[in-house]
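What follows is one structure encoded as structure tokens, with my remarks underneath.
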Amino acid sequence: MCRLSLFLALLTAGVMLQHSHAEPTLIFPAQEKHVHSSSIVECPNGDYLAAWFYGSGERKSNDVRLRGARLKKGAKEWGPVFEMADTLDLPDCNPVLFIDAEEKLWLIWLVVHTNRWERGILKYRTSTDYQDAGAPNWDWQDIILLKPGEGFADAMKVGFKELQYPEPMWAEYANAYTRMLVESAKDPIKRDAGWMPRTPVLTLKSGRIVLPLYSDGFNVSLVAYSDDLGKTWAASAPIVGLGNIQPAVVERKDGTLKAYMRDNGVDPRRIIEATSTDQGETWTIGTDMDFPNPGASISACALKGGRWVMVYNDAENGRHNLAIALSEDEGKTWPHKKTLESSADRSRSFAYPTVMEGSDGNIHLSYSYTGPKGASIKYDTFTVDSIK
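Going by the working numbering, the first residue of the sequence shown is number -5, and it counts up by one from there.
Shown next as structure tokens:
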């Protein structure tokens, strides 16, 4: 190949690489209110629908509500912001959007009762009319009631024993951390409330729907699962760990489930993983991966071609960067990693990603953004191969 041909080939490759990952965009202009915890889905008509919570704060701010926006198929810019839900005088947080096997849209979120996370109530809305401009027209609204059962406390006790967490200091007025949680797990009022959504709902190959949940009261996770398209729900055994919350669940080809979780526990801060071999009903204890985690939510999904992606904050302290990793062996190894956003002076933060694969074969991503001009939700899309 002559030098000119080689130059043109390299130039073309460079242009293709640039086009494979455009700059992230703000769904709406940065503003002074708190906006956080977004979710994104692709509608059957090719539109993208996003939701997040908005208000003066979080659990202690009763003006917090859910808002959303729509990116029409083929459009470059997101449409106007609209309201998705608002429970009067109570904070609405952590919306999760989901489209089931019958193409019904679900909006699942937490209504924070008594301004305490551990007293929160799971609420949901469904719609079959959601593909026109503006907010969905909601057909139904209800709450999801879970009963983890008396085995919840036993599973917590067994799990903490397996973890072998050292608690050398103890006094009758300051019981050990694990002992206090096991005792609290025996109380049905405590264990039946406060289960919060954050990460995407997953439909397994069997048709079972898995709703990942976590508790700030118990500092552990579980999943709710339904075998009748959401008419009824059951609670799994807890995913026991040291501060493992906000599970992102992915299904392997053999039906094994992997959960990747935020670390709210002890140092060193790492993404925590657990495994289920019975479609999410029971789980191994949560153990550390090699990935750092600053106490921030992550997102993961399996792609149609069999590869997996995971989006996370690549640091032990702070949400000043956002990275994506690619696995070609269903999560056994993650050899490809790429920084999506970074703020060396920490004047900007990027957090709580939701990642999915679109019908175009590309990665689509929404996440919380805060910068000098305020807060918004960012949207990004790029090819899978650009991660390499």
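Glycine included, each C-beta is placed from N, C-alpha and C at the ideal position.
For the alpha helix (DSSP H) containing residue i, name the first residue and the last one.
{"i": "residue 267", "result": "Segment 264 to 270 is the beta strand (DSSP E) holding residue 267; no alpha helix (DSSP H) there."}
{"i": "residue 184", "result": "182 to 185"}
How is the beta strand (DSSP E) around residue i delimited, first residue to last?
{"i": "residue 175", "result": "Residue 175 -> not in any beta strand (DSSP E); alpha helix (DSSP H) instead, spanning 171 to 179."}
{"i": "residue 353", "result": "No beta strand (DSSP E) contains residue 353, which DSSP labels as neither H nor E."}
{"i": "residue 28", "result": "28 to 36"}
{"i": "residue 49", "result": "42 to 49"}
{"i": "residue 90", "result": "86 to 93"}
{"i": "residue 120", "result": "115 to 121"}
{"i": "residue 302", "result": "302 to 306"}
Could you say which of the options lies nearest to residue i if we only look at CA atoms?
{"i": "residue 292", "options": "262, 229 and 344", "result": "344"}
{"i": "residue 106", "options": "277, 44, 45 and 187", "result": "187"}
{"i": "residue 133", "options": "118, 44 and 21", "result": "118"}
{"i": "residue 347", "options": "317, 360 and 333", "result": "360"}
{"i": "residue 70", "options": "374, 380, 379 and 381", "result": "374"}
{"i": "residue 143", "options": "135, 181, 165 and 153", "result": "181"}
{"i": "residue 207", "options": "190, 26, 213 and 199", "result": "190"}
{"i": "residue 264", "options": "246, 237, 251 and 276", "result": "237"}
{"i": "residue 102", "options": "136, 319 and 380", "result": "136"}
{"i": "residue 382", "options": "330, 368, 336 and 352", "result": "330"}
{"i": "residue 240", "options": "258, 58 and 224", "result": "258"}
{"i": "residue 113", "options": "183, 49 and 67", "result": "183"}
{"i": "residue 75", "options": "82, 52, 24 and 50", "result": "24"}
{"i": "residue 185", "options": "165, 157, 148 and 317", "result": "148"}
{"i": "residue 235", "options": "221, 247, 252 and 213", "result": "213"}
{"i": "residue 337", "options": "41, 100, 153 and 315", "result": "315"}
{"i": "residue 270", "options": "282, 250 and 285", "result": "250"}
{"i": "residue 303", "options": "99, 377 and 312", "result": "377"}
{"i": "residue 277", "options": "92, 227, 215 and 313", "result": "215"}
{"i": "residue 245", "options": "294, 160, 210 and 68", "result": "294"}
{"i": "residue 354", "options": "116, 68, 131 and 122", "result": "68"}
{"i": "residue 145", "options": "253, 231, 178 and 312", "result": "231"}
{"i": "residue 380", "options": "38, 357 and 243", "result": "357"}
{"i": "residue 155", "options": "325, 280 and 321", "result": "280"}
{"i": "residue 324", "options": "288, 248, 311 and 367", "result": "248"}
{"i": "residue 201", "options": "194, 224 and 313", "result": "224"}
{"i": "residue 364", "options": "319, 322, 115 and 312", "result": "312"}
My output table needs one value for residue i: the three-state DSSP class, helix, strand or coil.
{"i": "residue 335", "result": "strand"}
{"i": "residue 242", "result": "strand"}
{"i": "residue 292", "result": "coil"}
{"i": "residue -5", "result": "In this predicted model, residue -5 has a pLDDT of only 45, less than 50, meaning its place in the structure is not dependable enough to derive any value."}
{"i": "residue 1", "result": "In this prediction, residue 1 has a pLDDT of 37, which is less than 50 and means its spatial position is unreliable; what the coordinates show is noted afterwards. If DSSP states are grouped into helix, strand and coil, residue 1 belongs with the helices."}
{"i": "residue 154", "result": "helix"}
{"i": "residue 55", "result": "coil"}
{"i": "residue 282", "result": "strand"}
{"i": "residue 317", "result": "strand"}
{"i": "residue 132", "result": "coil"}
{"i": "residue 108", "result": "helix"}
{"i": "residue 22", "result": "coil"}
{"i": "residue 378", "result": "coil"}
{"i": "residue 13", "result": "With a pLDDT of 38 at residue 13, under the threshold of 50, the predicted position of this residue should be treated as unreliable, though the coordinate-derived value follows. In the structure shown, residue 13 sits in a helix (DSSP, three-state: H, G or I)."}
{"i": "residue 218", "result": "strand"}
{"i": "residue 231", "result": "coil"}
{"i": "residue 147", "result": "helix"}
{"i": "residue 99", "result": "strand"}
{"i": "residue 7", "result": "Confidence at residue 7 is low in this model, with a pLDDT of 41, below 50, so the placement of that residue should be treated as unreliable; the coordinate-derived value is given next. Residue 7: helix per DSSP, three-state reduction."}
{"i": "residue 197", "result": "strand"}
{"i": "residue 138", "result": "coil"}
{"i": "residue 127", "result": "coil"}
{"i": "residue 69", "result": "coil"}
Starting from residue i, follow its DSSP beta bridges and name the residues at the other end.
{"i": "residue 388", "result": "For residue 388 there is no data in the structure shown, the boundaries of the chain being -5 and 382."}
{"i": "residue 344", "result": "363"}
{"i": "residue 372", "result": "20 and 361"}
{"i": "residue 255", "result": "266"}
{"i": "residue 76", "result": "62"}
{"i": "residue 309", "result": "The partner list for residue 309 (beta bridge, DSSP) is empty, contrary to what the question assumes."}
Below 8 Å on the Cβ atoms is my guess for residue i versus residue j; work out the distance and round it to an integer in Å.
{"i": "residue 31", "j": "residue 109", "result": "At roughly 17 Å, the Cβ-Cβ gap does not stay under 8 Å, so residue 31 and residue 109 are not in contact."}
{"i": "residue 49", "j": "residue 55", "result": "5 Å"}
{"i": "residue 60", "j": "residue 45", "result": "6 Å"}
{"i": "residue 274", "j": "residue 204", "result": "5 Å"}
{"i": "residue 141", "j": "residue 218", "result": "At roughly 11 Å, the Cβ-Cβ gap does not stay under 8 Å, so residue 141 and residue 218 are not in contact."}
{"i": "residue 370", "j": "residue 29", "result": "6 Å"}
{"i": "residue 352", "j": "residue 52", "result": "No, residue 352 and residue 52 are not in contact; Cβ-Cβ is about 30 Å, not under 8 Å."}
Is the CB of residue i under 8 Å away from at least one CB in chain B?
{"i": "residue 320", "result": "Among the chains in the structure shown there is no chain B, since it carries only a single protein chain."}
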